[in-house]
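Contents: one structure, followed by commentary.
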Ligand SMILES: *[C@@H]1O[C@H](CO)[C@@H](O)[C@H](O)[C@H]1NC(C)=O
Ligand SMILES: *[C@@H]1O[C@H](CO)[C@@H](O)[C@H](O)[C@H]1NC(C)=O
C-alpha cells in the first residue's frame, strides 16, 4: 500500500458508520432505533479461504442481494491478515450485516482432539481484532457443528471455554459487545442438550450469547407441525437469541421456502430471530441460489476464478426458480416483533445443565468445571473425575490444585487439526463445509499483505491527525 492510498482510507473513514450496530436484549436482536431485528440471511463463502477481500465481487453480489431482500451474510472462513475494508463497506452500504466464524480450518475445536489452546485463542483473537471495528458485524461463532456425532459431546466444555475466553478478551479490549455464540447441527440426540448446556450454569461470563441451528428439517412441501414444531418446543422462551443458521432443504426441489412463513409466523416469531439460508453460490452440492456459470468440467483447474470445478466470481445470475421464490417469500415476511422498550426479557428462562445418560449421546454430566486454556483432555478428564468425587463428599466443586503445566503436553498440533475438517461432514445434510475441505492446504503463516500493518499504522496516524479521532486498525 502506498501513501496515495491514504486518501482512499481517509474517504472511507469519513463515510463509514452508515449502518447501526445490532444489540442483544434478552433473546432478541434490536436495531438502534429500538425495532426488533430479524435475520433474512444467506450463507456466503465463494471460496474456501475468504469471500470478503474482493471488493468488486462483493459489490456485484451486494446489488443482487439487495434485490433478494437479504440483510445478513454468514461467512465460515476469513483470513485475519487480509484487508476487509472494501467489502465491509459495500455490505454496510447495502444494509447487510455479517456473522463470522472466529475459527477456521486449522483452528477448529475438534471433539477428537480435546483442547482449547493458546494457539487457537490467539488466532480467534486476531479474527476478532480484524472485524470488531465494523459496525455491521452482528455476531461471532466459536464453532460450527463441532459436536455432531455420538462420541462428540465431551468436546462441548471446550466450546464453552472458548466462549468464556473470547468474551473476556472482548471485555478486556473494550470492544463493542458483538455477541459470541455457536451454530449446531440439527441432530435430535444432541440438539436439546447442547442448547441447554451452552446456556446453563448461571455464570453469565461463560455462556453463549446466541444459538444458531443448522436445520434442514423442512423440505417443501411440509408443515410447521411436521418440521418445526419439535424445534419450537425447545426454543420457547430460550434465554438468548436463537435462529436458523442454515436452512433450505433442496430435496426434491425446487425450493419454495415455505418454512419462512413458519419462522416469521405466529408459532415461532416470538422465539426465533429469523433465518440464514444455505447458500449463495451454486456449486456441486446444488444448494446455490445464484450461479457464476455452469460447472467447468475440469476439476484440476484451480485459479483466481475457478475452484473445484465451479466458477466462483463474476456476475451472479439467479438460479431459477429458487431465487425468485425466496425473494417473493421474504418480501411478504415482514414481522414487526416487539420494540426494545416494550420488551420484558424476564420471560426468558435458562434451563438446567443436562445430565449424562448411560450409553447415550450426551456425556457431559451437569455443570462440569470448564477446561482451562491449554488443558489437555487427559488432565481434564482426570480432574473432572476427581472433582465429582470431591463434590460428592464435600459439596465443593470449585477448588483445584492443578497447575498449568499440562500446557506443554497439549495435543493441539497443527497436523492433527488439519486432518480434521470434520465439522459436520459426518452429517448427511451438512454441505456447508463442502467448499472448505480443500482449504486445509492453506498455509498458516502466509503473509499476503506484506508491510500493510506498518503502512496502515502511518496512514492511521495521518488520518487521526486530520480527523482528530482515534482510528482502529
Ligand atoms: C464466572 O466465570 C468467570 C470466567 O470463568 C470466573 O472468572 C468467575 O469467577 C465466575 N463467577 C462465579 C461467581 O463463579
Ligand atoms: C466437473 O464438471 C463436469 C461437467 O459438469 C462433471 O461431469 C464432473 O463430474 C465434475 N467433476 C467433479 C469432480 O465435480
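Residue numbers (this note's numbering): 551 to 1023.
The C-beta atom is built at its ideal place from N, Cα and C for all residues, glycine as well.
A quick note: this is a predicted structure, and the numbers were derived from the prediction, not measured.
Could you check whether residue 670 and residue 888 sit closer than 8 Å to each other, using their CB atoms as the reference points? No, the Cβ-Cβ distance between residue 888 and residue 670 is not below 8 Å.
Return the CA-CA distance between residue 927 and residue 710, expressed in angstroms with no decimal places. Roughly 15 Å between the two C-alpha positions.
Contact defined as beta carbons within less than 8 Å: I believe residue 825 pairs with residue 589. What is the distance between those atoms, to the nearest angstrom? Confirmed, Cβ separation roughly 6 Å.
Please list the terminal residues of the continuous alpha helix (DSSP H) segment that includes residue 882. Residue range 872-882 is occupied by the alpha helix (DSSP H) that includes residue 882.
Ligand 1 heavy atoms versus the CB of residue 714: any closer than 7 Å? Correct: residue 714 has its Cβ closer than 7 Å to ligand 1.
8 Å contact criterion, which residue 719 and residue 678 should meet: CB distance rounded: Taking C-beta atoms under 8 Å as the contact rule, residue 719 and residue 678 qualify, at a distance of about 7 Å.
Under 7 Å: does the beta carbon of residue 598 sit that close to some heavy atom of ligand 2? Answer for residue 598: no, Cβ out of range of ligand 2.
Short of 6 Å in beta carbon distance, which residues of its chain neighbour residue 568, apart from the five on each side in sequence? Order them along the chain. Excluding sequence neighbours, residue 568 sits near 642, 643.
CA nearest to the CA of residue 787, picked from 637, 897, 606: Nearest C-alpha to residue 787: 897.
Does the structure place the segment 790-802 close enough to the segment 764-782 that three or more beta carbon pairs sit under 8 Å? Yes: at least three Cβ pairs fall under 8 Å.
Would DSSP call residue 640 helix, strand or coil? Helix at residue 640.
With hydrogens ignored, establish whether the beta-carbon of residue 835 is closer than 7 Å to any heavy atom of ligand 2. It does not: the Cβ of residue 835 is nowhere closer than 7 Å to a heavy atom of ligand 2.
Look at residue 901 and residue 750 and say whether their C-beta atoms are less than 8 Å apart. It is a contact, given that the beta carbons lie within the stated cut-off.
Restricting to Cα atoms, I'd like to know which of 571, 578, 570 is closest to residue 886. Of the candidates 571, 578, 570, the one whose C-alpha sits nearest the C-alpha of residue 886 is 578.
Thinking C-alpha only, which one of 760, 920, 924 is nearest residue 706? Ranking 760, 920, 924 by Cα distance to residue 706 puts 920 first.
Specify the secondary structure class of residue 592 as computed by DSSP and reduced to three states. Residue 592: strand per DSSP, three-state reduction.
Would you mind working out which of 591, 846, 820 sits nearest residue 647, comparing C-alpha positions? Nearest C-alpha to residue 647: 591.
With DSSP as the reference, label residue 578 as helix, strand or coil. Here residue 578 sits in strand by DSSP.
Rounded to whole angstroms, how far is the Cβ of residue 733 from the Cβ of residue 686, which I believe are closer than 8 Å? No, residue 733 and residue 686 are not in contact; Cβ-Cβ is about 19 Å, not under 8 Å.
Going by beta-carbon coordinates alone, are residue 614 and residue 608 separated by less than 8 Å? Against a cut-off of 8 Å, the Cβ pair of residue 608 and residue 614 comes out as no contact.
Looking at residue 756 and ligand 1, is the gap between the Cβ and the nearest heavy atom below 7 Å? The answer is yes for residue 756.
Might you give, ordered along the chain, the residues of its own chain that have their beta carbon closer than 6 Å to the beta carbon of residue 864, omitting 5 neighbours on each side? 842.
Determine contact between the segment 846-856 and the segment 768-786, defined as no fewer than three beta-carbon pairs at a distance below 8 Å. With contact defined as three or more Cβ pairs closer than 8 Å, the segment 846-856 and the segment 768-786 are not in contact.
Out of curiosity, what's the CA-to-CA distance linking residue 873 and residue 738? Their Cα atoms are separated by approximately 30 Å.
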